[in-house]
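S.K.: Residue 1039 in this note's numbering sits at position 62 of the sequence shown; the count goes up by one each step and never skips.
We put the CB at the ideal spot given by N, CA and C, even for glycine.
Fair warning: this is a prediction, and the values are worked out from it, not measured in the lab.
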Amino acid sequence: MEPFLSEIRMFSFEWAPKGWAKCDGSLMSIAQNNALFALLGVQFGGNGTTTFALPDLRGRAPVHVGVSDRNSPSYSTFKIGAVGGTENVSLTQSQMPAHNHLVAASTVSGTVKPLANDIIGAGLNKQNGQPSHVYAPYNPATQVPLATDVVSVQGAGAAHQNCQPSLAINFCIAVQGIFPSRN
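1) Residues in the same chain with beta-carbon distance under 7 Å from residue 1007, minus the five sequence neighbours each way, listed in chain order, please.
2) Determine the direct distance from the alpha carbon of residue 1045 to that of residue 984, and round the result to whole angstroms.
3) Terminal residues of the continuous beta strand (DSSP E) containing residue 1147?
4) Would you mind listing the alpha helix (DSSP H) stretches within the stretch 987-1031 that are 4+ residues and don't spill past its ends, in chain order?
5) So for residue 1120, helix, strand or coil by DSSP?
6) If you draw a straight line from the alpha carbon of residue 1022 to that of residue 1077, how long is it in whole angstroms?
7) CB residue 1154 to CB residue 988, shorter than 7 Å?
8) CA-CA distance, residue 1064 and residue 1039?
9) Cα separation between residue 1143 and residue 1121?
10) Could you tell me how far apart the beta carbons of residue 1152 and residue 1010 are, in whole angstroms, since I believe they sit closer than 8 Å?
11) Residue 1138 by DSSP, collapsed to three states: which one?
12) For residue 1066, list the residues DSSP reports as bridge partners.
13) What's the gap between the Cα of residue 1054 and the Cα of residue 1043?
14) Using alpha carbons as the reference points, say which of 1069, 1133, 1150 and 1115 lies closest to residue 992.
15) From residue 1060 to residue 1141, what distance separates their C-alpha atoms?
16) Excluding the 5 residues flanking residue 1016 on each side, which residues of the same chain have their C-beta closer than 7 Å to its C-beta?
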């Protein structure tokens, strides 16, 4: 079956078959590919006078054109040829869910080993300055506030990969074929 001109198919081999080209963003001559240019225009790139570009699907997942779920608070409109997303992201503080790092200490002397729900107790015995055990029974009445710099900002802001599980497949576009009709 002869393909429609500009039809995109996936192939399980690395090369483009005769009459097809890889979807790698290559620039094409308008003079040599008038019919294909009539379908693609410059929506994927090119200068529109002598060249136009093929779609570039390297490292990208295709998404259908149109509006995503309008009931979603963050719906998107996808126009043909538009690219989006990023492979790596660095989360900012505003993107983290609201949370806190509760730390509590007590003025009560500690015991040798921690028990369930124990918290860190005073470090030195007030009478003789000698070290004291560090775990004390939990009691809200004996808790004391800690200095504001005790729990500080952590992390270096390094980017992490933002990629769904994937399988690399060769996407090719028909550069020869039947010119599609609208009906």
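M.R.: Straight from the coordinates:
1) Once the five neighbours on either side are set aside, the close Cβ partners of residue 1007 are 1014, 1027, 1028 and 1029.
2) Between the alpha carbons of residue 984 and residue 1045 lies a distance of about 23 Å.
3) Per DSSP, residue 1147 belongs to the beta strand (DSSP E) from 1147-1151.
4) Those alpha helix (DSSP H) runs which fall completely within the stretch 987-1031 and span 4+ residues are 1011-1017.
5) DSSP places residue 1120 in the strand class (E or B) of the three-state scheme.
6) Roughly 47 Å between the two C-alpha positions.
7) Their beta carbons are not under 7 Å apart, which means residue 1154 does not touch residue 988 by this criterion.
8) Answer to the nearest angstrom: the Cα atoms are 14 Å apart.
9) Taking the straight line joining both Cα atoms gives about 51 Å.
10) Correct: roughly 7 Å between the Cβ atoms.
11) Residue state for residue 1138 is assigned as strand, using DSSP reduced to three classes.
12) Per DSSP, 1137.
13) Cα atoms of residue 1054 and residue 1043: separation of roughly 6 Å, rounded to the nearest angstrom.
14) Measuring from the Cα of residue 992, the nearest candidate turns out to be 1150.
15) Our two residues, residue 1060 and residue 1141, have alpha carbons roughly 17 Å apart in a direct line.
16) The beta carbon of residue 1016 lies closer than 7 Å to those of 982 and 983 in the same chain, with the five residues before and after it left out.
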